[in-house]
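To convert, take the position in the sequence shown, counting from 1, and add 811; that gives the numbering used here.
Everything below concerns the one structure shown next.
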Amino acid sequence: MGRARRTTGRIILASLTLGASVPASLYGGPGATFARLTVEQGLSQNTVQVILQDATGFLWFGTEEGRNRYEGYAVRVFKHDPARPGSLPSNTITALHADQAGRLWVGTESGLSLFDRRSETFSVVPGVKGRVTGLVEEPDGTLWIGAEGYGVFERLAPTGEFVLHQNITGDPGSFASYLPSMLLRDRQGRIWIGTRNAGLERLDLGAAGSARRFVHYAHDPQNPRSLAHNEVWGLAEDATGRLWVATYGGGVSILDPDTGAFSHQRHRPDDRKTLPTDLVTAVFRERSGAM
């Protein structure tokens, strides 16, 4: 394994068509210049879907044609090879997570894998199925994994056992959807899960040893302070602790976790200062705190 060049402080931008770009300056102001990292520099494919920097300084790029490790001077590509045991099980990378123990978890369109840094091989995690949409970790090491077609998997820290949370008819505290889209852990330690068809979910951890329950935030046509649309694509927390929810059809809904009420940013054709569309696929907090 090569030695990683530290890239702390630099901003990495992903493009759906242009691979990744690394600005030469620290904060990427108006005069920033960018060095492109594309297939010409060794990237396996230009559709970068997820980016992660691990504790050693390596940058990992998940693409639709394998996982790439950027060492500051070269790109190492990991791809599926049916003739080689321990290769990446699927080339479509959908999520990456480095846990507190330094392990690297790789979500793909067909499940979850764990990367062994010494042998540089992958082992399939049999407890998780479906297209992985995100991973978050609790302080005790418990992992939460979103999986399309199933719900959310909980990996129990003490045993490594996986528990599936999915919709159960007649149980109002069960997870409301089979289509989780994104997971986020806020500064208060609350875990939020966006879904493609049932709005927003908040995990209610409850008392130690109690059953996991979910609190639902869904669109209610009779309540203007409810979520604007149930198809959630993105989540981000602002500097005041409010949760910004990107929806595909309702613009951006902003949740005050203390009151449970939403305010809304919507497209208005007569106002050019509003959102250009209500089909919002991502929301992000800048270093300055701006959303």
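For each residue, glycine too, the CB sits at the ideal point set by N, CA and C.
Shown here, residue 856 sits in coil according to DSSP, grouped into three states, outside any helix or strand. The straight-line gap separating the alpha-carbon atoms of residue 969 and residue 952 is approximately 8 Å. Distance from the CA of residue 860 to the CA of residue 907, rounded to the nearest whole angstrom, comes to 10 Å. The residue from 979, 891, 980, 948 with its alpha-carbon nearest to that of residue 1004 is 948. Assignment of residue 1094 by DSSP, reduced to helix, strand and coil, places it in the coil class.
Counting C-beta atoms within 10 angstroms of its own C-beta, residue 895 has fewer than 16 neighbours from the protein chains shown and is therefore classed as exposed. Ranked by how close their Cα comes to the Cα of residue 989, the residues 998, 874, 964 have 964 in first place. Linking residue 928 to residue 871 through their CA atoms gives a straight-line distance of about 13 Å. For residue 954, the pairing in a beta bridge is given by DSSP as 948, 966.
Residue 1076 counts as buried, since no fewer than 16 other beta carbons sit within 10 angstroms of its beta carbon. Our two residues, residue 882 and residue 950, have alpha carbons roughly 29 Å apart in a direct line. Residue 901 is positioned such that its CB atom lies no closer than 7 Å to that of residue 930. Boundaries of the beta strand (DSSP E) harbouring residue 1028: 1024-1028, taken from the DSSP string.
Here residue 1048 carries a strand assignment [DSSP, helix/strand/coil]. Residue nearest to residue 849 within the set 1089, 864, 880 is 880 (criterion: CA-CA distance). Here residue 938 really is in contact with residue 973; their C-beta atoms are around 3 Å apart, less than 8 Å. For the pair residue 1096 and residue 1047, the CB atoms are nearer than the 7 Å cut-off. The straight-line gap separating the alpha-carbon atoms of residue 932 and residue 994 is approximately 26 Å. Using a 10 angstroms sphere on the CB of residue 1042, the tally of other CB atoms reaches 16 or more, which defines it as buried.
In the DSSP assignment, residue 907 is bridged to 917.
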